[in-house]
């Protein structure tokens with residue numbers, strides 16, 4: 001077995017209604033001066049926020065609230081704007097992020113920029129922050145990115161037209177609270193697209209070359225939770241228990257992902273998000289079935305264990321299990337109404353050639369795939385499957 005490293009830095013509070021215990025968390029850590037960064041949609045629509053903010057006020061000396069835009073993925077200019085607001089607040093013992101993955105990324109990065117001077121883009125990359133961040137509490141309102149547990153915070157550099165975040169040892173939340181009460185205001189369509197993002201994380205971290213026995217354990221369990229819960233949520237979208245399970249699956253998938261790596265589908269989503277505005281989770285989900293089919297066609301037979309989660313049948317050969325796994329993922333995508341084509345975002349046969357060059361810098365991500373996949377030949381062919 002090759003040498004590997006595994007890290008997990010975030011303390012977790014889990015369960016429906018678990019946010020109501022936040023006062024004890026403050027008291028245990030002597031957090032008195034609180035600042036919240038909250039997604040504007042949650043701020044406007046969540047009655048639960050009114051309840052929890054009242055608890056926070058009762059258990060603190062000061063509460064500041066900064067409302068974040070929720071309409072698009074954050075760029076470095078926007079991060080600087082928020083970081084300056086956070087720097088201007090006199091006292092902060094802990095910074096709380098309440099929202100989707102972008103909100104949590106902004107929160108973690110703003111916590112780092114509170115203690116590190118200068119423009120945010122100067123810290124783009126890995127372990128560029130010199131001073132430790134102030135503590136953060138990450139409260140996701142969607143189940144998708146897993147930002148609440150990773151050491152990454154993703155932002156778009158509009159000058160270089162790249163998506164590369166601030167990453168490393170100071171970019172993790174001190175605490176995460178997984179509480180499905182926050183997801184009540186999250187529309188079903190967003191819940192599903194976010195859940196497919198998490199499913200992509202579970203599958204790509206499972207099959208990537210840097211996976212190890214520990215990460216595969218997380219990836220397998222995440223897949224089990226997500227695969228079984230996503231279609232069930234389609235039948236009962238307001239079910240809090242199912243939404244809680246999605247939060248758990250997303251969290252576990254992210255642990256596997258940031259301790260191993262991603263792959264082709266995740267790689268595709270980055271330039272398509274930067275240049276065409278395709279949401280990250282949707283972008284990965286569009287390509288996931290095609291990536292799995294490509295791997296099986298090229299002889300990869302590593303999906304046996306995952307297929308056994310879907311339907312255990314000891315009489316099936318490895319070939320048959322992997323072929324059926326491709327079919328199962330395709331059927332799930334159709335059931336959850338994941339788009340198959342990119343025309344909604346203006347990509348069609350007439351202009352797809354403009355996208356090909358954007359895929360060339362992704363060879364590093366593609367190299368994590370278990371079978372060979374080239375950015376110059378295979379990537380354009382895969383992209384062509386999704387244009388019309």
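In the numbering used here, the protein residues as written are 1 to 388. Built from N, CA and C at the ideal position, the CB exists for glycine as well. This one's a predicted model, so the numbers in the text were calculated from it and none came from an experiment.
Judged by their CB atoms, residue 194 and residue 281 are nearer to each other than the 7 angstroms cut-off. Counting only residues of its own chain and dropping the five nearest sequence neighbours on each side, residue 156 has a CB closer than 8 angstroms to the CB of 73, 74, 75, 76, 162, 163, 273, 274. By the C-beta criterion, the stretch 47-62 is judged to be in contact with the stretch 22-32, since at least 3 inter-stretch pairs fall below 8 angstroms. In the DSSP assignment, residue 39 falls within the unbroken beta strand (DSSP E) covering 33-39.
For residue 303, the three-state secondary structure derived from DSSP is coil. Under the 8 angstroms Cβ criterion, the stretch 222-229 does not count as touching the stretch 106-119, having fewer than three qualifying pairs.
Contact holds between the stretch 369-388 and the stretch 290-301, because three or more Cβ pairs, one in each stretch, are under 8 angstroms apart. For residue 263, the three-state secondary structure derived from DSSP is coil. Per DSSP, the unbroken alpha helix (DSSP H) holding residue 333 starts and ends at 318-335. Here residue 312 is not near residue 237, since their CB atoms are 7 angstroms or more apart.
With a beta-carbon spacing of about 5 angstroms, residue 36 and residue 96 fall inside the 8 angstroms limit used to define contacts. Per DSSP, residue 176 is one residue of the beta strand (DSSP E) stretching across 175-178. Taking a cut-off of 8 angstroms for Cβ pairs, the stretch 246-258 and the stretch 344-358 do not touch, as fewer than three such pairs fall below it. A Cβ-Cβ separation of about 19 angstroms leaves residue 66 out of contact with residue 185 under the 8 angstroms criterion.
Between residue 263 and the set 160, 386, 291, 380, the nearest pair of CA atoms involves 291.
Within the model, the alpha-carbon separation for residue 112 versus residue 206 is close to 30 angstroms.
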